[in-house]
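Q: Take a look at the following structure, please.
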Amino acid sequence: MADDVNSDALPGWKARGDRIPEEQRFPFNRPTLRQIIDALPFVSRYFFYWLRRWRKKESLFINTFQPLQHKPHYGVPCGTIGSGSIGRDFRGGFCKFGLRPGLIEHKVDIAKADQFIVTVRQRKLGNTLYQRVLCAAPIRRGCHSSLKAWNFNFPAKDLTYRGLYPRSWTTYSIPECRLTLVCRQISPVIPHDYEASSLPTTVFVWEIKNDSENDYDVSITFTFRNGTGDPRWKRESVCQTAVFDNVATAGPDGAFVQGVCLEHKIARMKCTYAIGAVKRPNQAVTICRNFRPCGSGRKLWDSLFAKGQLEGEYDIDGDGRELGVAVCVSAPVPSGKRETMELALAWDMPKVAFGQGGRVYKRRYTRWYGDDCKAGPELCRRALIDYRDWERRIDIWQTPVLNDERLPAWYKSALFNELYFMTDGGSIWFEFDEDWTKLEKQLSPYSIELMRRYGRFGYLESWEYRMVNTYDVHFYASFALAQLWPQLEHALQSEFTDQVEHLDEKSVRYHMEGDWAPTKSRTRVPHDLGNPADDPWLMTNAYVMHDTGKWKDLNLKFILTCYRDYVHILNRDETFLRAVWPAVEDLIKEALDHWDLDKDGMIENSGAADQTYDAWKMTGVSAYCGSLWLAALQVARRMAEQLGEVEKAAFYAETLGRARAVYEKKLWNKTYYKFDEHSRSRDTIMADQLCGYWFLDSVCVEDAQQILPLDRVKQALNTIYDYNVCKFAGGRMGAVNGMKPNGTVDRACIQADEVWTGVTYAVAAFLIQQGELEKGFRTASGCYEACFERFGLQYQTPEALYEHRFYRAIGYMRPLSIWAMQWALEKHCGFPSISDILLHEKKRVPDGSDEDVLTDATADLAADTTTTTAAAAEVLSMSLSSNSVSIAMNGRLSPLTLSPTVSTQSSRNIANEVD
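UniProt numbering puts the first residue of the sequence shown at 1, with every later residue one more than the last.
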């Protein structure tokens, strides 16, 4: 309700409109003298690379010299997964568009013409008492600025915000009229739903409460213009608009949807914005199909002020390259009463290309809505029909966590809010195209079938580290996919399997060491699948800092992730195991042949930064890579046993025994495992020293206990907690990567003195797996509270935090590893499984024909994945609401009445894809 949505008792991230971060932070730019000297060869090589691209800096996979500065006012973004995102400023504005695939326009501030406006008229006298833009962010003003007639002066102190992805609540208090407005933002991000979670739409439900003694007529107007706020696109093409109305809904009260479409282009790609509203019998919906966002906005503003309604067009002079549209909902709100108004935004950008402009991709939602760029009205209608059911399903997902009194409040906020990256992390999700196989010969029939059913998914390493599906980072983040959209994780893992033997012989000079090597070597897991400014999947390994063919952790992380997915996602399906087994065998053999230099069973690091800590050198046996190796050997042993490969299983067991003895002898010092044998940091306590044990323990406790003594693991973990967590920053920032045994931070190398947010969540998960819940929550709380509560880094969690002043790489993938904490709570501590709750929610099927379709879809899915009766039964028990089924399953969408120029397909057959 309007008077309690921002209560302190409710979960989520909360702020008032005038919030200022406790501490000002900046991108890292202050290396020590020693770090500068070490980096000089790299800097000289990278500088010339950077200089060649200075006019097209967006094409850089990493812009080291110009890191992104955070903006402390971000809120929950609009959108779902892989269909583009539109950012929100928690003070009310739209910003930071991510509609081009894999690229986030972080530098775009508030889009001035994309707003909500409230008009309050006194019913008895017919005069307007109040009219404001509902945005408390400062807007540039001036006699020559656009929309200068609009009143942007909403008091920041009268706005409060609560974000709990994928929803948010913004409360506007208008004391002059004793009115309270609450805007509830809803995007259909729903676990295990591979249709709704792809839709490019967001709903805004406005609740209006009148506590005055006067009867009012209240109007909410939604305005939107072409482009994204980036000057490059604001005049790119001639725009076209069209009104749609009489779009029947299934509502019992005779309500229907009206709205307007705006056709334009963004980076040469067709895009249609659609804004729509529900018209109920007591409400009026009026539409403006044309206003000039570059003009003064006077006529639109005055029309609302005079009548509380819109007219068809305003300020139509111009060449049509800058155009705005608007929808207004008006209704009486008597004294002491409430009123609800429902609006939706959709962006239909069905065909997209990456920066090189090569292949054209169809976004996932085109599977149901077509690719003719005419789906905007249907998307609005679908959103306004189904949003209640979406919220019901979001509540079913989130309530077990939110209502669990054993869990701290900050964790409930962090767990869901860190998922913002699924929408706003440059995620891409495409329908499979048979033509892909012509250029991607490595794609296996197994991967092709998965992509035919679930599409092809990718997300960025970071807003400023522009690489798709960076695997060493995904290793940590993958727990979110594994629990919430497991078939996306399944397909991604299968695709990386196909990449292992893929070869790209193009020679590249790598910036850090200056060596020349192939872009992608055989029998190696690629670092990433490409830069969205180039052409991902066709041009892999965009990361040219190091030759990642020499990295020790990528291959091993792949093996461990295969095992996790085999055991927990696919219920030990042998089809998957046989698909990945040849790659696992080859990777183990490759490591023994090339990385075990002294043939003692344990791999050694080369003395370079040859792993995910790409500025922190390891020499000889290292705790981090060594633990991954031990875990990978145990996994290979278990896989071989499952496949009846007795001799190979025995070989892996024997190798594990020898490797474990070396690891213990060279690194164990009675309190922790040393960083490595010979580097500057050799005695450092590394937070991630037992990465391999943690991950394997998350899969199978018995397997993990085969690789290292449990008492030593617990001792090392307690040392990490005591030193890296509690002795760093007063225990209020997470786990610093490197701490010396004397209690001082290791500053020998860049990254040693950083807190990696995603690694902190992983360490916290590890503590929880070992039964140390209090320590786990304290470890992770420092990281979350620093980012969200003190530094203004909410909804842009960086890769790294420094003890003072700095951070590095905002909008980063790895913090999705907070879902490893939830995984640990459910699988190790007996907390209820939210995935099971979702999967076993009872279906409500309205008639026999729909039930037949659902059964057929379930049978197909079972055949394609686990092929087990149990899996089919789980799928069959997945919930679909009666509304959703009647609309989506084997039903025909009603034709839309459009004017004057937009037409749609008369109907589209929609099938809801679920696990």
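We put the beta carbon where it would ideally sit given N, CA and C, even for glycine.
Note that the structure is a prediction, hence the values are computed from the model and not measured.
CB-CB under 7 Å to R91, same chain, minus the five flanking residues each way: which ones, in chain order?
A: Result list for R91: G17, H73, C135, A136, A137, A156, L159, in chain order.
Q: Rounded to a whole number of angstroms, what is the C-alpha to C-alpha distance between I139 and K96?
A: Each residue's Cα considered, the two are about 15 Å apart.
Q: Under the rule that 16 or more other beta-carbon atoms within 10 Å means buried, what is residue 924, buried or exposed?
A: Not covered by the structure: residue 924. The range shown for the chain is 1 to 915.
Q: Please say whether H70 and L801 have beta carbons closer to each other than 9 Å?
A: No, these two residues do not count as a Cβ contact at 9 Å.
Q: Suppose only complete runs of 3+ residues qualify. What are the beta strand (DSSP E) ranges in the region 437-493, listed by chain order?
A: 456-458, all fully within the region 437-493.
Q: Are there three or more Cβ pairs, one per stretch, closer than 8 Å when the region 175-186 is compared with the region 278-297?
A: Touching, no.
Q: So which of I810, V500, K557 has the shortest CA-CA distance to R475?
A: Residue 475 is actually Phe in this sequence, not Arg. That would be K557, whose Cα lies nearest to the Cα of F475.
Q: Within 10 angstroms of its Cβ, does A306 collect 16 or more other Cβ (buried), or is it exposed?
A: Classification for A306: exposed.
Q: Report yes if the CB atom of I834 is closer than 9 Å to the CB atom of E826, and no otherwise.
A: Cβ atoms of I834 and E826: closer than 9 Å.
Q: What are the partner residues of H546, as DSSP defines its beta bridges?
A: None; H546 has no bridge partner.
Q: Can you tell me where the beta strand (DSSP E) holding L181 begins and where it ends?
A: Where L181 is concerned, the enclosing beta strand (DSSP E) stretches over 179-186.
Q: Using DSSP's beta-bridge definition, name the partner residues of S606.
A: Looking at the DSSP assignment, S606 forms a beta bridge with T619.
Q: Helix, strand or coil: how does DSSP classify I428 here?
A: If DSSP states are grouped into helix, strand and coil, I428 belongs with the strands.
Q: Comparing alpha-carbon positions, which option in L419, G514, Y361, P518 lies nearest D435?
A: Selected option, being the one with the closest Cα: Y361.
Q: What would DSSP say about K670, mapped onto helix, strand or coil?
A: K670 falls in the coil class under three-state DSSP.
Q: Which residue's Cα is closest to the Cα of G254: T228, A609, I385, I275?
A: The shortest C-alpha separation from G254 is found at I385.
Q: By how many angstroms is the C-alpha of F777 removed from the C-alpha of P11?
A: Cα-Cα distance, rounded: 17 Å.
Q: At the level of alpha carbons, what is the spacing between A9 and A623?
A: Near 43 Å, if we compare the C-alpha coordinates of A623 and A9.
Q: Does DSSP put V76 in a helix, in a strand, or in coil?
A: It is coil, neither helix nor strand.
Q: Any idea if W823 is buried or exposed, counting beta-carbon neighbours within 10 angstroms, 16 or more meaning buried?
A: Its Cβ being crowded by 16 or more others within 10 Å, W823 is buried.
Q: With distances taken from CA atoms, which of P67, M813, L40 is nearest Y459?
A: When each option's Cα is compared against that of Y459, the closest is M813.
Q: Can you give me the Cβ contacts of L323 inside the same chain, cut-off strictly under 8 Å, excluding the 5 residues immediately before and after it?
A: Taken in chain order, the residues that qualify are R225, N226, C239, T241, L262, H264, N290, F291, R292, P293.
Q: Could you spell out where the alpha helix (DSSP H) holding M821 opens and where it closes?
A: Residues 818-828.
Q: Any idea what DSSP makes of G514, helix, strand or coil?
A: Coil at G514, not helix or strand.
Q: Can you tell me the Cα-Cα spacing of P334 and P408, whole angstroms?
A: Looking at the two C-alpha atoms, the distance is approximately 41 Å.
Q: If you draw a straight line from the C-alpha of Q185 to the C-alpha of R363, how long is it?
A: One C-alpha to the other measures close to 23 Å.
Q: With DSSP as the reference, label F806 as helix, strand or coil.
A: Looking at F806 - three-state DSSP - the assignment turns out to be strand.
Q: Which stretch, first to last residue, makes up the alpha helix (DSSP H) that contains N555?
A: 553-564 is the extent of the alpha helix (DSSP H) around N555.
Q: For V662, which of helix, strand or coil comes out of DSSP?
A: Looking at V662 - three-state DSSP - the assignment turns out to be helix.
Q: Given that a residue counts as buried once 16 or more other Cβ atoms are within 10 Å of its Cβ, and exposed if not, what is H527?
A: So H527 counts as buried.
Q: In the structure shown, what three-state DSSP assignment does M639 receive?
A: Looking at M639 - three-state DSSP - the assignment turns out to be helix.
Q: Around the Cβ of A870, are there at least 16 other Cβ atoms within 10 angstroms (buried) or fewer (exposed)?
A: Per-residue confidence for A870 stands at a pLDDT of 35, beneath the threshold of 50, marking its modelled position as unreliable; no derived number is given.
Q: Suppose you measure from the CA of M494 to the CA of A149; what does that come to, to the nearest Å?
A: Sequence check: residue 494 is Ser here, not Met. Looking at the two C-alpha atoms, the distance is approximately 56 Å.
Q: Using DSSP with H/G/I as helix, E/B as strand and the rest coil, what is Y812?
A: DSSP places Y812 in strand when its eight states are reduced to three.
Q: Does the Cβ of S879 have 16 or more other Cβ atoms within 10 Å, making it buried, or fewer, making it exposed?
A: Interpretation of S879 is limited by its pLDDT of 29, a score under 50 that renders its predicted location unreliable; the figure taken from the coordinates is listed afterwards. Buried is the call here.
Q: If the criterion is Cβ atoms closer than 9 Å, does the pair L103 and R466 meet it?
A: Contact flag set, yes.
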